[in-house]
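Single-structure report; data block below.
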Amino acid sequence: MTRILAETYPDAHCELDFGTPLELLVATILSAQCTDKRVNLVTPVLFAKYRTPADYAGADRAELEEIIRSTGFFRAKTNSIMGMAQALCDRYGGEVPGKLKDLVTLPGVGRKTANVVLGNAFDVPGITVDTHFQRLTRRFGWTTEVDPVKIEHAVGDLIPKSEWTQMSHYMIWHGRRICHARRPACGVCPLASLCPAYGEGPTDPAQAAKLVRSGPFS
DNA sequence: ATCCCGAGGG
DNA sequence: CCCTCTGGAT
706 MTRILAETYP DAHCELDFGT PLELLVATIL SAQCTDKRVN LVTPVLFAKY RTPADYAGAD
766 RAELEEIIRS TGFFRAKTNS IMGMAQALCD RYGGEVPGKL KDLVTLPGVG RKTANVVLGN
826 AFDVPGITVD THFQRLTRRF GWTTEVDPVK IEHAVGDLIP KSEWTQMSHY MIWHGRRICH
886 ARRPACGVCP LASLCPAYGE GPTDPAQAAK LVRSGPFS
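If you count the first sequence from 1, position 202 lands on 907 in the numbering used here, and the numbers rise without skipping.
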């Protein structure tokens, strides 16, 4: 299955726009329950105005909220960003730490966000167990665990560490395009013959093709 | 109506 | 374990 995913999505990558670890950290916090496309619409304005953790920590709350408003959960995300930035100033000398243990201590930064930053800004292998990854591992029969941390460890044992980050991208891309939460496009899925969950969505190719999401998200 | 690369709190 | 936070796209 890994090989087919790699062949299907040869250029799978993080779709959030960023230039620095701090920018990726902020973009990933904004990406909760929001499309990457929407995040990429607000971050150019955001990154131009706030360049350092001190900038975010000292931001005018209402002003920051207004910029990120369209990404949803804007009050909670503002709290997370400002709290995270304050913690970077207080405890990490204004730098984004490159270790999971440190990242998850930051307000608003959970394990999933931390692994995104590690894998894509620090080249430290990380398995990103988001909603897609969770759903696909279950359908693929890779693990019966439901707890994200247990899934992370189970899959980590199945796959070489050097492939963790790229595997996460394959799963997320496949989840977004074909293996949807509701009505997965089984009829056009390249993994159909290998998938224990084949049939959970329409198996008719013509019907399945209508469900495929591609363009507007990539 | 349902979903989008979640995290924190009860 | 559950709930809440939130707007936009389809």
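Ideal Cβ positions, reconstructed from N, Cα and C, are used throughout, including at glycine.
Item, Value
"Cβ neighbour criterion (16 or more within 10 Å) applied to G846", "exposed"
"Whole runs of the alpha helix (DSSP H) within the stretch 814–874, excluding any shorter than 4 residues", "816–826, 836–845 and 853–863"
"DSSP-derived helix/strand/coil call for C794", "helix"
"With 16 other Cβ atoms within 10 Å as the buried cut-off, status of Q738", "exposed"
"Residue burial classification, T725 (beta-carbon count within 10 angstroms, cutoff 16)", "exposed"
"Separation of D862 from I772, as counted between CA atoms", "41 Å"
"Integer-rounded CB distance, given that K855 should sit under 8 Å from D835", "At roughly 15 Å, the Cβ-Cβ gap does not stay under 8 Å, so D835 and K855 are not in contact."
"Contact under 9 Å by Cβ, M789 with L735", "no"
"Reduced DSSP secondary structure (H/G/I, E/B, other) of G905", "In the sequence as displayed, the identity of residue 905 is Glu instead of Gly. Coil."
"Burial state of S873 (16 or more Cβ within 10 Å)", "buried"
"Minimum C-alpha distance to F723 - residue among E770, G906 and A826", "A826"
"I859 and E868 closer than 9 Å at C-beta", "According to the sequence provided, residue 859 is Ala. The question's Ile does not apply to it. No, Cβ-Cβ distance for A859 and E868 is not below 9 Å."
"Whole-Å CB distance - P749 paired with L727, under 8 Å assumed", "P749 to L727, Cβ: 15 Å. No contact."
"Distance between beta carbons of P830 and K866, contact taken as under 8 Å", "5 Å"
"Continuous alpha helix (DSSP H) stretch holding F752: start and end", "D741 to K754"
"Short Cβ contact (9 Å threshold) for R882 with V917", "yes"
"For K806, the three-state DSSP class (helix, strand or coil)", "helix"
"Cβ-Cβ distance between L769 and M787 below 9 Å", "yes"
"Helix, strand or coil at F779 according to DSSP, with G and I counted as helix", "helix"
"Backbone CA spacing between R796 and F752 [nearest angstrom]", "22 Å"
"Residue from K742, T833 and C891 with nearest C-alpha to P910", "C891"
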